[in-house]
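J.: Got a structure for you, written out below as structure tokens; questions coming shortly.
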Amino acid sequence: MSTISVTTKHSMMECDNEAIRRGRVFVDNEAALVEAGELVGAFERRVIEKGDIGGNLVELIKGEKVGRRSSEEITVFKSVGSAIVDILAAQLVYETYIGKQ
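Residue numbers for the sequence shown, in full-length UniProt numbering: 1 to 101.
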């Protein structure tokens, strides 16, 4: 399951506590631990602890952390965004557009 948003409001959650509890949670970056309403609320309600987070995107890409370990395992990916990713995406769109001219 992938969720993408930035809000610390617990009323604005893209998934419930049960999904967070049952899933193995990964984040795009450490900011998600304090910015994502789902995670902030889950920590406060003791659904999970910060130590339960499976890793971040960089750790997954580098192979420092293992993603999904079985076909039965549920993974939850929480993204709050990153300015550098937005810039790289814009650059890719621009270069693709220019290349087609």
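Note that the Cβ used here is the ideal one computed from N, Cα and C, for glycine as well.
Can you tell me whether DSSP reads residue 24 as helix, strand or coil?
T.: As a working note, residue 24 is residue 24 in the sequence shown. Residue 24: strand per DSSP, three-state reduction.
J.: With a threshold of 8 Å, are at least 3 pairs of Cβ atoms found where one atom belongs to the segment 13-24 and the other to the segment 39-48?
T.: The segment 13-24, when compared against the segment 39-48, does touch it at the 8 Å Cβ threshold.
J.: Give me the Cα-Cα distance between residue 50 and residue 98, rounded to the nearest whole angstrom.
T.: As a first step, residue 50 is located in the sequence shown; it is residue number 50 there, counting from the start. As a first step, residue 98 is located in the sequence shown; it is residue number 98 there, counting from the start. So the alpha carbons of these two residues sit roughly 44 Å apart.
J.: Let me know the secondary structure DSSP gives residue 40 once reduced to three states.
T.: Against the sequence shown, residue 40 aligns to sequence position 40. Here residue 40 sits in helix by DSSP.
J.: Nearest-angstrom Cα distance between residue 73 and residue 4?
T.: Locating residue 73 in the sequence shown gives position 73, where the first residue counts as 1. Locating residue 4 in the sequence shown gives position 4, where the first residue counts as 1. Their Cα atoms are separated by approximately 20 Å.
J.: How big is the Cα-Cα spacing for residue 100 and residue 33?
T.: Locating residue 100 in the sequence shown gives position 100, where the first residue counts as 1. Locating residue 33 in the sequence shown gives position 33, where the first residue counts as 1. Approximately 40 Å between the Cα atoms of the pair.
J.: What is the DSSP secondary structure of residue 58, counted as helix, strand or coil?
T.: Stepping through the sequence shown from its first residue, residue 58 is reached at position 58. Three-state DSSP puts residue 58 in a helix.
J.: Rounded to whole angstroms, what is the Cα-Cα separation between residue 35 and residue 47?
T.: Working through the sequence shown from its first residue, we reach residue 35 at position 35. Working through the sequence shown from its first residue, we reach residue 47 at position 47. Each residue's Cα considered, the two are about 17 Å apart.
J.: Can you list, in chain order, the residues of its chain whose CB lies under 7 Å from that of residue 27, leaving out five sequence neighbours each side?
T.: Translated into the one-based positions of the sequence shown, residue 27 becomes position 27. The answer, listed in chain order, is 33, 53, 56, 78.
J.: I'd like to know whether the C-beta atoms of residue 12 and residue 37 end up nearer to each other than 9 Å.
T.: Here the question's residue 12 lines up with position 12 in the sequence shown. Here the question's residue 37 lines up with position 37 in the sequence shown. The answer is yes: Cβ separation under 9 Å.
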